[in-house]
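Remarks on the structure that follows.
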Amino acid sequence: MTLVLAIMVPLLSAFLVPLFHLARKTLSVGLIGIMGLASISAALAAAHTGWYSPAVSLLGGWAPDIGIALVGDRLSSAFLLMTAIGSGAALACALEKFGGGPWRFYALFFLMLGSMNGILLTGDLFNLFVFYEIFSVAAYLMVAFSMSWQALEAGLKYLVLGTIGALFILLGTAFTFMATGVLNMALLAEALASIPRETLTAISACLVLGLTIKTGAFPVHFWLPDAHSSAQTAVSALLSGVLIKVSIYALMRVCYIFFLGTNGAVFLAITVIGSFSVLGGHLMALRQDDIKRLLAYSTVAQIGYILIGIGCASAAGAAAAVFHAFNHMLMKMGLFITAGNLSEEKGTREICGLTGLWKSHPLWVSAFAVLSASIVGIPPLNGFMSKWFIILSSAGAGTVIPALVIAAGTVISAAYYLRVLSAFISPDEGSSDDLPPSVPRKPRRRSVSFAIVGSFALLCLVLGVMPFSPIFREYFSSIGQTAVDVEAYVGLVTGR
Amino acid sequence: MSIKPYIFRIASLILCVSLGLMLFRGIAALPVTEKVTGPASHYLARTAGETGARNVVGAILFDYRAFDTLGESTVIFTAVCGIAMLFSRRKFHRSSRGLSFIAKRGIGIMVPFLLMYASVIILFGHLSPGGGFQGGTIFATVTVLLCVVFGSSFESQYFPPRTKDILESGGALLFSGIGLIGLAAGTGFLSNIAAGFPAGIFGSFLSAGSVPILNVAVGMKVGAGLSTIFYSMIKMLDAGHDHREGGGIE
Amino acid sequence: MSLSFMIFLYVFLIATALVISAINDILSAVITLSVFGILLATAFAILQAPDVALTQAVINSGIVTALFLVAFSQTEKPECYSEEEEE
Amino acid sequence: MILLSYATAVIIFCIGLYTIMIRRNLFKTVLGLALMESAVLLIIVSSGYIPGGVPPIAPFSGPAVNPLPHAFTLTAIVIGASDIALALAFIVKLHRHYRTVDLDRIRGLRG
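Protein chains in written order, with my numbering: chain A, -12 to 483; chain B, 37 to 286; chain C, 718 to 804; chain D, 225 to 335.
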């Protein structure tokens, strides 16, 4: 019951928003806030259910093979928690920035929230495709929301690549259905073991290619930097922090359930893609002058780390990947919100123009410093811990090259984040005379955004220490166990 | 410089051909299906008893896998919301010109029949091929026809955007409401006969529990949605004419 | 349905797809897409899928073609004007 | 016969992908997407066909074809149509800025 509500409450909010708009003409911030709180608490309730008593919700009361089943287990709960925190933060930022005016934006936001919960909870392959499509359509439109031509072009690029990815996912689903006749993921896990080799190759190629395009990993990452840098601040934070994680979840779920026992080459492919993403993303980020594009390319690299963790095909690797995904959500959302606000303050997004901020906004810059230190991987912080776990598990899987790639990537990322920070700290070189609007422009208050960024930075510090506590380690390893334990998943769904 | 496009073309051709070969080998390796197996045989054997619908595809869409249908009509809702957002800043100049008298009179005779056809397709979705999507799309096509033949002011007078918005959200809420009834009855979201909807007499108009209601809801949603998409893009067209011709349209 | 008719239909489908891909005139390509949609609907009907055939005929050959034509008429004319200016 | 329709579908899929890869006109890109989508639909519908089957509308006068792929195809058609509509809307909006639909002349975001 809670699983259904986690999907339906946001969707119902989205359906109600146009009616409220027709009745009242302007939506109050309070109304949107209440809807957002209800949606997020429904998601958290579902996460609680999934964590403490893994549940299956049969829609329409039909058995899992003929109807659709929603499944909540520990992996879903971890990602539900992630999306609830991230989208709550993004909604708060958007409310602070836009107010209640753009009602279509909030309708899209709630549609996206509902579809994300749907992807995280569904146990049916075709249903996954349907929710993926709602999610993607809402994402294309949120990229284009600012209506500048860069945003429109980025949205179109994202749409074309995203649709190709969706078609490959649909093709993979069609092949799976042809080969087995069922679509429930738990039943597929059993049925896929006995199908011809060529068909399995085609299925895995289609599904992995489609999900990789949607994730934005290196060879097919073209849409990601444009989309993430052209959108507005709250949307960029949402895209980079939360949406990517939902795609990661889909990749993780599909690959672990379908191919763990049948096709080991998939995991080798994911590791290779991940290594290339780390190197390519960092090298491209080094060349950027625009701070938001730099952060977007850094996201490509961080996706690579997570993919390397998934590619280990072990419980430790999956746990490390989830931990890094969570950390990346905190760090990248904080960085995007900070960078967006600071560059709006200065009126430029070029890194060389963002000078003298240490004097005017010391708190923002110190939060940025903590978050970027964490994303680079300075030891006491959480970014270091999750990267360390990924290196450990990939070494445990018997390959050294990913570990070397991660080490090299750390050095490169230190270089470009230091460049940004040194620009922030360096004094304002006489730019006050050629930038007259900087004097009359009153610095706008961004207390909610700052509270979010500050608490994310604090969480980074806390999560850096947490892995030393045995309870925390046990929790995280149980997520990894859930991810790779296909038999438990099958047992949960079929009731055997 | 001049050789580079050819290399790119040949590379993409090779890529496409090898992808196609891989896909075809994947299909050809499968044994040929001689009879229906798996869950599909359940649907074929038991649909009449479990849902009361004659059209098995309709029963799957609106009962067994109704959640997919909800998601799928939400995709249209999202797309409509977005397209209306993209074109929201344009001012709409109504055009009442339309086509000739003969075309107007001809369409005027046809339209009631088209509307009746669409309604039949929606309402008999559980008995014969058709259903909410197809009927809703025919409704949208009728509004497109009216817009082309009578000019956009006629269409916006009889089907104003406000009505379409209400219809669309109303359809979505109706669908979700039916689902929540099942949840409240304790038989699962979107459950049909189990939640107490009457099964009726097999093959009659009033049968199959909530399937006809869901068909109507989807028909409202799809018809209003596709019509709004067309309307938004037409709005753009008129603004464009205005831009070029200096506001010459009445 | 006889095999020869099926072969004819599929050859026609591939031919229209090639035309859509190769032709430079967008308007002709859009009209060919409509023809392609009707042929595909026929194929669906032969494959014993009346629901799908109806939907394909109504949506792909009706609404989608209409939207393509609207978008095309919106974007085509200023292009001609700008070309005339260039010449 | 059913292998024939699979082969047709795969060929159309590849034609669509090739169109998207090499053509520089945005309308051609969207047409390619439509072709790819139609090909996937043909594959799904063909997978439900059995020789000598009848449409899945009760009461059956023979062995009925698999109804499940038809339901998927219906869903996929509507989803594909809304994707294409969205792409066309983006193209129209972009055209207002660039006055062209040629990809080579729309290069605001490269690198």
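Note that CB positions come from ideal geometry on N, CA and C, so glycine has one too. For clarity, every value in this text was computed on a predicted model and none was experimentally measured.
For this session: Along the alpha helix (DSSP H) that carries Val747 (chain C), what are the first and last residues, could you check?
Result: For Val747 (chain C), the enclosing alpha helix (DSSP H) starts and ends at 743 to 763.
Exercise. Which ranges does the alpha helix (DSSP H) cover as unbroken runs of at least 4 residues, wholly within the region 299 to 340 of chain A, from first to last along the chain?
Worked result: For the region 299 to 340 of chain A, whole alpha helix (DSSP H) runs of length 4 or above, ordered along the chain, are 302 to 333.
Problem set entry | alpha helix (DSSP H) runs wholly inside the region 159 to 213 of chain B, at least 4 long, in chain order | Fully enclosed alpha helix (DSSP H) runs of 4 or longer: 168 to 186, 188 to 194.
For this session: Output, in chain order, the set of chain A residues within a Cβ distance shorter than 7 Å of Lys317 (chain D).
Result: Under the 7 Å cutoff, chain A gives Leu139.
For this session: Starting from the beta carbon of Ile743 (chain C), find every residue of chain B whose beta carbon is closer than 7 Å, and list them in chain order.
Result: Scanning chain B for C-beta atoms nearer than 7 Å to the C-beta of Ile743 (chain C) yields nothing, as the closest lies near 16 Å away.
For this session: Show which residues of chain D have a CB atom less than 7 Å away from the CB atom of Phe810 (chain C).
Result: Nothing can be reported for residue 810 (chain C), as the shown portion of chain C is limited to 718 through 804.
For this session: Helix, strand or coil for Thr253 (chain D), going by three-state DSSP, please let me know.
Result: Helix, per DSSP.
Exercise. With contact counted as at least three CB pairs below 8 Å, one residue from each stretch, are the region 448 to 464 of chain A and the region 47 to 54 of chain A in contact?
Worked result: Touching, no, given that fewer than three Cβ pairs across the two stretches are closer than 8 Å.
Problem set entry | Whole alpha helix (DSSP H) elements within the region 0 to 77 of chain A, 4-residue minimum | For the region 0 to 77 of chain A, the full-length alpha helix (DSSP H) segments reaching 4 residues or more read 16 to 39 along the chain.
Exercise. Near Ile72 (chain A), which residues of its chain fall below 6 Å by C-beta distance, leaving aside the five closest residues on each side in sequence?
Worked result: The answer is none, since no qualifying residue turns up.
Exercise. Shortest alpha-carbon distance to Ala154 (chain B) belongs to which of B:Ile50, B:Met256, B:Ile46?
Worked result: The candidate whose alpha carbon is nearest that of Ala154 (chain B) is B:Met256.
Exercise. Three-state secondary structure (DSSP) at Thr186 (chain D)?
Worked result: Outside the displayed span of chain D (225 to 335) sits residue 186 (chain D), for which this structure offers no information.
For this session: Output the residue ranges of the alpha helix (DSSP H) runs that lie fully inside the region 191 to 274 of chain A and measure 4 residues or longer, sorted by chain position.
Result: You should have 210 to 217, 220 to 225, 231 to 246, 252 to 273.
For this session: Please confirm if Ser363 (chain B) has its CB atom under 8 Å from at least one CB of chain A.
Result: The structure shown does not extend to residue 363 (chain B), since chain B spans only 37 to 286, so no value can be given for it.
For this session: Using a Cβ-Cβ cut-off of less than 7 Å, list which residues of the region 251 to 265 of chain D approach chain A; keep chain order.
Result: Here the close residues are Thr253, Leu257, Met260, Glu261, Val264.
Exercise. Roughly how many angstroms separate the alpha carbons of Ile237 (chain B) and Ser77 (chain B), rounded to a whole number?
Worked result: Distance between the alpha carbons of Ile237 (chain B) and Ser77 (chain B): 23 Å.
Exercise. Ala313 (chain D) by DSSP, collapsed to three states: which one?
Worked result: DSSP places Ala313 (chain D) in helix when its eight states are reduced to three.
Exercise. Taking only beta-carbon atoms, is Ala305 (chain D) less than 8 Å away from chain C?
Worked result: For Ala305 (chain D), the nearest CB of chain C lies under 8 Å from its own CB, placing it at the interface with that chain.
Exercise. Whose C-beta lies closer than 7 Å to the C-beta of Ser262 (chain A) among residues of the same chain, with five residues either side of it excluded?
Worked result: Closer than 7 Å at the Cβ level, and outside the excluded window around Ser262 (chain A), lie Gly291, Ile295, Ile388, Pro389, Val392.
Problem set entry | Alpha-carbon to alpha-carbon, Cys193 (chain A) and Ile119 (chain B) | Spanning the two alpha carbons is a distance of roughly 30 Å.
For this session: Might you give, ordered along the chain, the residues of its own chain that have their beta carbon closer than 6 Å to the beta carbon of Thr232 (chain D), omitting 5 neighbours on each side?
Result: Correct list: empty, nothing qualifies.
For this session: Give, in chain order, every unbroken run of the alpha helix (DSSP H) that is at least 4 residues long and sits entirely within the region 441 to 477 of chain A.
Result: Counting only runs of at least 4 residues, the region 441 to 477 of chain A fully encloses the following alpha helix (DSSP H) elements, listed from N- to C-terminal order: 457 to 471.
For this session: Check whether the Cβ of Thr299 (chain D) lies closer than 7 Å to any heavy atom of the ligand GDP, and answer yes or no.
Result: As for the ligand GDP, it is missing from this structure, which has no ligand bound.
Exercise. Name the DSSP beta bridge partners of Ala253 (chain B), please?
Worked result: Its beta-bridge partners do not exist; DSSP assigns none.
For this session: Taking 8 Å as the cut-off, decide whether the C-beta atoms of Ile156 (chain A) and Phe122 (chain A) are in contact.
Result: No, the pair does not count as a contact, with Cβ atoms beyond the cut-off.
For this session: Give the DSSP-derived three-state secondary structure of Ala231 (chain D) in the structure shown.
Result: The answer is helix: DSSP assigns Ala231 (chain D) an H, G or I state.
For this session: Go ahead and pull the three-state DSSP assignment for Ile226 (chain D).
Result: Of the three classes helix, strand and coil, the one that applies to Ile226 (chain D) here is helix, per DSSP.
For this session: Would you please verify whether the beta carbon of Phe118 (chain A) is less than 8 Å from any beta carbon of chain B?
Result: Judged by the 8 Å Cβ criterion, Phe118 (chain A) is in contact with chain B.
Exercise. Over what stretch of residues does the alpha helix (DSSP H) that includes Val117 (chain A) continue unbroken?
Worked result: Note, Val117 (chain A): alpha helix (DSSP H), 112 to 130.
Exercise. Can we say the region 228 to 243 of chain D touches the region 266 to 283 of chain D, given the rule of at least three CB pairs closer than 8 Å?
Worked result: At 8 Å Cβ cutoff, the stretches touch.
Exercise. What's the call for Lys346 (chain A), buried or exposed, on a 16-neighbour Cβ count within 10 Å?
Worked result: Lys346 (chain A) counts as exposed, since fewer than 16 other beta carbons sit within 10 angstroms of its beta carbon.
For this session: Scan the region 171 to 195 of chain B for residues whose Cβ lies nearer than 8 Å to a Cβ of chain C and list them as they occur along the chain.
Result: Per Cβ criterion, the list reads Thr173, Ile174, Ala176, Thr177, Val180.
For this session: Report yes if the C-beta distance between Ala503 (chain A) and Gly62 (chain B) is below 8 Å; otherwise report no.
Result: There is simply no residue 503 (chain A) to check, as chain A begins at -12 and stops at 483 in what is shown.
Problem set entry | Below-8 Å beta-carbon distance, Leu157 (chain A) vs any chain D residue | At a cut-off of 8 Å between beta carbons, Leu157 (chain A) contacts chain D.
Exercise. Ends of the alpha helix (DSSP H) at Arg45 (chain B)?
Worked result: First-last of the alpha helix (DSSP H) with Arg45 (chain B): 40 to 64.
Exercise. Under 8 Å, do Ser188 (chain B) and Ile249 (chain B) count as touching if we go by C-beta distance?
Worked result: No, the Cβ-Cβ distance between Ser188 (chain B) and Ile249 (chain B) is not below 8 Å.
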